[in-house]
Every structure is written in structure tokens, then in C-alpha cells.
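In the UniProt record's numbering, the protein residues as written are 1 to 139.
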């Protein structure tokens, strides 16, 4: 996905906390690359601070967090708070994993973008990121 100025959309894919299962994150990263996006994968066991600092350094358009550990109600609020603190209001925070619908609604209310459950088609994720960045980012 290329924006009007021909710069690829930049996405940081992260695994936060002690969740050691990164196969899904790697599949998403590969699918986003196949969709023409530039992807930075941070690897396992990142802290929210590490994710936000890497996103700032890499000047990304979106952050995608993969979480299967059940810590989503700690991780996403911390990341969104750090993003707001650093003025990253035009950067999408999205993600996926095992997140109950009620928790998704709370996270959406905090400003987290769409969250994707396991089994979501990768094209849907790429299309969402492309549409969001096209609407909210100035290239």
C-alpha cells in the first residue's frame, strides 16, 4: 500500500511482555510486506516503552501489537498513554490476539484502533491499516 506521495506505509509489529509465541506476528509482518508496506518487527519480550520509542525512531504510521498472554488490558492502555504523552496522535495503534469482545470495547474507548481475533484474513488487516493511515496521516 503506497500513499499519494509514493512512500510506503510504515508499520511496527511488536510482541509485548512475556508472551513468547510470535508465529502470528511474523505471519502478519510478512503479509503486510506483501501488501507493499514497510514493516519493522521488534521481536519478543518488548516493553510498552520500547515499542513506543522504536515507533518514534522509525517514524511509523501504525503500531501493531500481537498479544496472546491475556495482558491486553495492561499493555494497550500503557502504549496508548505513552503515545499520547509523546504527541503520536496521528499514529494508529492496532493489534490482535486473544481479546474478549468486552475488553475490545474498553480499549476502543481509550483510542485503540480495530483489534483482530485469530483467524482474521491478513488482507482485512492490511486494508484497515491502509484506510486508516490514508485518512489520518499526512504524507
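Here a beta-carbon is modelled for each residue, glycine too, at the ideal position from N, C-alpha and C.
According to DSSP, is residue i helix, strand or coil?
i, result
"residue 13", "strand"
Is the beta carbon of residue j closer than 8 Å to that of residue i?
i, j, result
"residue 72", "residue 97", "yes"
"residue 16", "residue 52", "no"
"residue 133", "residue 62", "yes"
"residue 25", "residue 66", "yes"
"residue 22", "residue 56", "no"
"residue 91", "residue 60", "yes"
"residue 81", "residue 42", "no"
"residue 12", "residue 85", "no"
Ignore the nearest five residues each way along the sequence and tell me which others in residue i's own chain have a CB closer than 7 Å to its CB.
i, result
"residue 154", "Any answer about residue 154 is impossible in this case: the structure gives the chain only from 1 up to 139."
"residue 114", "94, 128"
"residue 83", "52, 91, 93"
"residue 158", "Nothing can be reported for residue 158, as the shown portion of the chain is limited to 1 through 139."
"residue 29", "13, 39, 41"
For residue i, which residues in the same chain have their Cβ closer than 8 Å to its Cβ, ignoring the five residues on either side in sequence?
i, result
"residue 106", "73"
"residue 75", "16, 17, 48, 65, 67"
"residue 89", "83"
"residue 79", "16, 48, 51, 52, 63, 65, 93"
By Cβ distance below 6 Å, which residues in the same chain neighbour residue i in space, the five residues on each side in sequence not counted?
i, result
"residue 10", "38, 60, 61"
"residue 116", "96, 125"
"residue 33", "39"
"residue 99", "72, 115"
Exercise. Of all the beta strand (DSSP E) runs that stay within the bounds of the UniProt domain "B12-binding" (8 to 136), which reach a length of 3 or more residues?
Worked result: Listed in chain order, the beta strand (DSSP E) runs fully inside the UniProt domain "B12-binding" (8 to 136) are 10 to 15, 38 to 41, 62 to 67, 92 to 97, counting runs of at least 3 residues.
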